[in-house]
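First residue of the sequence shown: 366, per our numbering; consecutive thereafter. Okay, so here's the structure we're looking at.
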Amino acid sequence: MTVCMITTSAEKHSKLYFKYIFFIFHFRDLNYNNLEEFPSAIRTLTNLKELGFHSNDIKSIPEQAFIGNPSLITIHFYDNPIQLVGRSSFQHLPELRTLILNGASQITEFPDLTGTTSLESLTLTGSQLVHLPEVVCYQLPSLQVLDLSYNRIKDLPSFTGCQRLQKIDLRHNEVYEIRSATFQQLLVLRSLDLSWNKITVIQPNSFSSLPSLIRLDLSSNQLTSFPVTGLNGLTHLKLTGNHELQGLIPSEHFPKLRVMEMPYAYQCCAFGACENLLKHSSQWNKDDNISTDNAYQKDAGTLHLQDDRDFEEFLLDFEEDAKVLHTVQCTPTPGPFKPCDYLFGSWLIRIGVWLIVLLAFVCNALVISTVFRPLSYIPSIKLLIGIIAIMNTLMGLSSGVLATIDALTFGNFAQYGAWWESGIGCQITGFLSVFAAETSILLLTVAALERGFSVKCTTKFETKTSFISVKLSIAFCFILSLIIALSPLLSGSAYGTSPLCFPLLFGDPSSMGFMVALVLLNSLCFLVMTVAYTKLYCTLEKGELENVWDCSMVKHIALLLFTNCILYCPVAFLSFSSLLNLTFISPEVIKSILLLIIPLPACLNPLLYILFNPHFKEDIGELKGGDMFWRESRHTSLASINSEDAEKQSCDSTQALVTFTSSSISYDLPASSSTSYQMTENCKLSAVAFVPCH
């Protein structure tokens, strides 16, 4: 009877049956049984060459488990809940070529492999290994593939004795340093994976004697510098996730590089990445991701074999077509929001931003100086306008910072892009812009509601809106805006997703969710303002306009509402377009809207007040020391109330004739004013001609 292999899957055997049948087979497959203990009877099978008992319930492998199987070539026992393996379990197996052990969570020491000199592939993942013995390469001189991923290895020995090593996988460990002697003289090493460790230092000559190395993965470490000596043969390089690695890497050290992943898009600029290049998917093998996600579910040896086969086929594609122009696929790809040369990109944006900044500083300074001038009482509506001007100044300041960065890095932004994007300056700039923009919109909402209530009370000769309630509303707006502006910082620093220091409308889900929530809140504010003013104008159209004492402020707030609402429409449209994955708007247009449209109210709001509000002309005159002039002007106005010169003193042809026979004129004065200022002045005026609106 000549039999090479028999499969007894899904069958349950007794120990006596094992002992009887093992004597006549060279290959044994005990997969998918309900074995709970290691079958010690196999020790008597001196000619056994391949043993498979994966997908069982074996929890431990005893010491010297294979002492009687010197002919074993391959052992498969993955998908077992193995927690403990004896240190001498795999000694004296001179023919063993492959050893795969995944998920043995209680292994704390590297197994003693004395006498197992022919081992070519060793996989030991998901354990608690802390260090490797110095003699590992002397015990395994034929080792070609070493996979020690998902352990706790902190220190690495020298692998110089493993001259046949072609692939080393040490990802998901706790290695903190790569010394110069660790990988010296590994002349045939082709792939080295050190990702997801804690590496902070790589000594300068650590890779200097690896002439065959073509693939290096150092992603998700803590590197601040990267040595390039000896890496001129690399075709694949992965450094993504090293956020402290902000410097540019010179491209002349990598003449054969084809695929690379960097921490920042700016580092791809040195490799000829075009800003308008469409973003390609990474060509790193999907098998690596599969093995990462399912490290405890699949045969790691099969993954290594498939990974190597795919990798070889990938390299052959380049070798067979040597005449193809050398191009490097580098991710993340530079673009309008990750520029190589200029932060703003175009002179139109650059000139527009500088114009907004200058107007914002000058106009808001004038408004603030007139509203908060010394020894003057500030009505509630003017207080709101003054605070809005302060917020607009902050908005102009944030735009000014971006304009300054663009000027300082002109033509060479890639060299400083990573530093600026991840620095504290960008975080502060983003915080100021969001805080200022939100406070302005909320305060404008309060101003619209205040005007509505004020006009309603004035027309009905009722008490005006309480000044205390306005102050409380202002405080609430500040607190709410502060919470909104701090949210990106507390939830992952969304301000650093781009050098514009503003949460983007696409890409990161958290950033896009923040922007959509922000747009919904602001849209609600504009809706409330629109409803309030629509109701106000409907009331005035019914014949009550003549009772409004100061409609210039009403008109000014309406003008601000209209202007800000129009300017906010593109931002809202972009947010909902991103939410619906509508990609017909180019990134250049989005960048222009973020840089020009969003800060535009910072200069338009004060400019509208200066140009169209008569109170500014009065306040600026008083600020210049014209108090006597204005007192004389008012005296002249009162003296000529019944004269024919009244019409000549009006600002336009739309003056209002208000007849007061016995009216109460309410002045917005503080309760603590002296007795000379009365809250209500009862006067009897006949046929008073007054011009409240200009």
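In this text, a Cβ means the ideal position worked out from N, Cα and C, and glycines have one as well. Treat the numbers as computed from the prediction; the structure is a model and nothing was measured.
Discussion item. I want to know whether the stretch 732 to 744 touches the stretch 897 to 905 - three or more CB-CB distances under 8 Å.
Written reply: No, the stretch 732 to 744 is not in contact with the stretch 897 to 905.
Worksheet item: What does a CB cutoff of less than 7 Å around residue 780 pick up in its chain, not counting 5 residues either side in sequence?
Response: Taking the first residue of the sequence shown as 1, we reach residue 780 at position 415. These residues qualify, in order along the chain: 613.
Discussion item. Assuming residue 769 is part of the alpha helix (DSSP H), what are its boundary residues?
Written reply: Position 404 of the sequence shown, counted from the first residue, corresponds to residue 769. Its alpha helix (DSSP H) spans residues 745 to 773.
Worksheet item: Which value, in whole angstroms, describes the spacing of the CA atoms of residue 666 and residue 859?
Response: Against the sequence shown, residue 666 aligns to sequence position 301. Against the sequence shown, residue 859 aligns to sequence position 494. Low confidence applies here, because residue 666 scores a pLDDT of 44, under 50, leaving its location unreliable; read the following figure in that light. In a straight line, the C-alpha of residue 666 is about 41 Å away from that of residue 859.
Worksheet item: So residue 932 packs on residue 962, CB below 8 Å; how close in whole Å?
Response: Your numbering for residue 932 matches position 567 in the sequence shown. Your numbering for residue 962 matches position 597 in the sequence shown. The Cβ separation is near 6 Å, so the contact holds.
Worksheet item: Going along the chain, which residues of its own chain have a beta-carbon closer than 6 Å to the beta-carbon of residue 800, five neighbours each way excluded?
Response: On the sequence shown, position 435 is the one that residue 800 refers to. If we look at residue 800 and ignore the five residues flanking it on each side, its Cβ neighbours are 846, 850.
Worksheet item: Comparing alpha-carbon positions, which option in 929, 943, 953, 937 lies nearest residue 973?
Response: Taking the first residue of the sequence shown as position 1, residue 973 is located at position 608. Closest option to residue 973, Cα to Cα, is 929.
Worksheet entry | Spatial distance of residue 528 from residue 432 (CA atoms) | Taking the first residue of the sequence shown as 1, we reach residue 528 at position 163. Taking the first residue of the sequence shown as 1, we reach residue 432 at position 67. The alpha-carbon of residue 528 is positioned some 28 Å away from that of residue 432.
Worksheet item: In whole angstroms, what separates the C-alpha of residue 566 from that of residue 504?
Response: Here residue 566 is taken as the residue at index 201 of the sequence shown, counted from 1. Here residue 504 is taken as the residue at index 139 of the sequence shown, counted from 1. Taking the straight line joining both Cα atoms gives about 29 Å.
Worksheet item: Which residues mark the beginning and the end of the beta strand (DSSP E) in which residue 417 is found?
Response: Walking along the sequence shown from the start, residue 417 turns up at place 52. 415 to 417 is the span of the beta strand (DSSP E), which, as asked, contains residue 417.
Worksheet item: Three-state secondary structure (DSSP) at residue 703?
Response: The residue you call residue 703 lines up with position 338 of the sequence shown. Strand, per DSSP.
Fill in: First and last residue of the uninterrupted alpha helix (DSSP H) at residue 984
On the sequence shown, residue 984 is found 619 positions in, with the first residue counted as 1. Note, residue 984: alpha helix (DSSP H), 979 to 988.
Worksheet entry | Integer-rounded CB distance, given that residue 521 should sit under 8 Å from residue 497 | Here residue 497 is taken as the residue at index 132 of the sequence shown, counted from 1. Here residue 521 is taken as the residue at index 156 of the sequence shown, counted from 1. About 7 Å; that satisfies the 8 Å criterion.
Item to complete: List the endpoints of the continuous alpha helix (DSSP H) containing residue 728.
Response: Taking the sequence shown and counting its residues from 1, one reaches residue 728 at position 363. Where residue 728 is concerned, the enclosing alpha helix (DSSP H) stretches over 712 to 736.
Worksheet item: Are the CB atoms of residue 602 and residue 610 nearer to each other than 8 Å?
Response: Your numbering for residue 602 matches position 237 in the sequence shown. Your numbering for residue 610 matches position 245 in the sequence shown. No; because the gap between Cβ atoms is not below 8 Å, this pair is not in contact.
Fill in: Short Cβ contact (8 Å threshold) for residue 437 with residue 458
In the sequence shown, the residue the question calls residue 437 occupies position 72. In the sequence shown, the residue the question calls residue 458 occupies position 93. Taking 8 Å as the Cβ cut-off, residue 437 and residue 458 qualify as a contacting pair.
Item to complete: Classify residue 863 as buried or exposed, calling it buried when 16 or more other Cβ atoms lie within 10 Å of its own Cβ.
Response: Locating residue 863 in the sequence shown gives position 498, where the first residue counts as 1. Buried, because 16 or more other Cβ atoms sit within 10 Å of the Cβ of residue 863.
Item to complete: Report the residue ranges of all alpha helix (DSSP H) runs contained in full by the stretch 482 to 524; include only those spanning at least 4 residues, in chain order.
Response: 501 to 504
Discussion item. Please tell me whether residue 694 and residue 624 are closer than 8 Å, where the distance is taken between their beta carbons.
Written reply: Working through the sequence shown from its first residue, we reach residue 694 at position 329. Working through the sequence shown from its first residue, we reach residue 624 at position 259. It is a contact, given that the beta carbons lie within the stated cut-off.
Discussion item. So, does the stretch 714 to 734 touch the stretch 761 to 770, judging by three or more C-beta pairs under 8 Å?
Written reply: yes
Worksheet entry | Start-end ranges of the alpha helix (DSSP H) lying completely within the stretch 948 to 982, minimum 4 residues | Qualifying alpha helix (DSSP H) stretches, in chain order: 952 to 957, 966 to 977.
Worksheet item: By how many angstroms is the C-alpha of residue 796 removed from the C-alpha of residue 760?
Response: Taking the first residue of the sequence shown as position 1, residue 760 is located at position 395. Taking the first residue of the sequence shown as position 1, residue 796 is located at position 431. About 10 Å.
Worksheet item: Which of the three DSSP states, helix, strand or coil, is assigned to residue 695?
Response: Sequence index remark: in the sequence shown, residue 695 carries index 330 (1-based). Assigned with DSSP and collapsed to three states, residue 695 falls in strand.
Worksheet entry | First and last residue of the uninterrupted alpha helix (DSSP H) at residue 411 | Position 46 of the sequence shown, counting from 1, holds the residue named residue 411. No alpha helix (DSSP H) holds residue 411; DSSP gives it neither H nor E.
Worksheet item: For residue 536 versus residue 560, is the C-beta spacing smaller than 8 Å?
Response: In the sequence shown, counting from the first residue as 1, residue 536 sits at position 171. In the sequence shown, counting from the first residue as 1, residue 560 sits at position 195. A contact, by the Cβ cut-off of 8 Å.
Practice prompt. Could you tell me if residue 524 is buried or exposed, where buried requires 16 or more neighbouring beta carbons within 10 angstroms of its beta carbon?
Written response: Residue mapping note: residue 524 aligns to position 159 of the sequence shown, counting from 1. Residue 524 is buried by the Cβ-count criterion.
Fill in: residue 531 beta carbon less than 8 Å from that of residue 553
In the sequence shown, counting from the first residue as 1, residue 553 sits at position 188. In the sequence shown, counting from the first residue as 1, residue 531 sits at position 166. In this structure, residue 531 lies closer than 8 Å to residue 553 by Cβ.
Fill in: Extent of the continuous beta strand (DSSP E) run through residue 439
Here the question's residue 439 lines up with position 74 in the sequence shown. Per DSSP, residue 439 belongs to the beta strand (DSSP E) from 439 to 441.
Worksheet entry | Beta-carbon proximity list for residue 485, same chain, < 6 Å, skipping 5 on both sides | As a first step, residue 485 is located in the sequence shown; it is residue number 120 there, counting from the start. Taken in chain order, the residues that qualify are 462, 507, 509.
Fill in: Which of helix, strand or coil DSSP assigns to residue 1025
The count along the sequence shown starts at 1 and reaches residue 1025 at position 660. Caution is warranted here: a pLDDT of 33 is assigned to residue 1025, below 50, making its placement in the model unreliable, and no coordinate value can be reported.
Practice prompt. Return the chain-ordered list of same chain residues with a C-beta closer than 6 Å to the C-beta of residue 697, the five sequence neighbours on each side being excluded.
Written response: Here residue 697 refers to the residue found at position 332 of the sequence shown. The residues are 630.
Discussion item. Tell me which residue opens and which closes the beta strand (DSSP E) that residue 921 is part of.
Written reply: Numbered from its first residue, the sequence shown carries residue 921 at position 556. Run containing residue 921: none in the beta strand (DSSP E); it sits in the alpha helix (DSSP H), 916 to 944.
Worksheet entry | Boundaries (first-last residue) of the alpha helix (DSSP H) holding residue 787 | Within the sequence shown, residue 787 is the residue found at index 422, counting from 1. Looking at the DSSP string, the run of the alpha helix (DSSP H) that includes residue 787 is 779 to 787.
Worksheet item: Can you name, in chain order, every residue of its own chain whose Cβ lies under 8 Å from the Cβ of residue 926, other than the five neighbours on each side?
Response: Taking the first residue of the sequence shown as position 1, residue 926 is located at position 561. The answer, listed in chain order, is 809, 813, 891, 894, 895, 898.
Item to complete: Kindly identify the DSSP beta-bridge partner or partners of residue 449.
Response: Counted from its first residue, the sequence shown places residue 449 at position 84. According to DSSP, residue 449 bridges with 425.
Discussion item. I'd like the list of long-range same chain contacts for residue 1085, defined as Cβ closer than 6 Å, with 5 residues on each side in sequence excluded.
Written reply: No answer is possible for residue 1085: the residues shown for the chain start at 366 and end at 1059.
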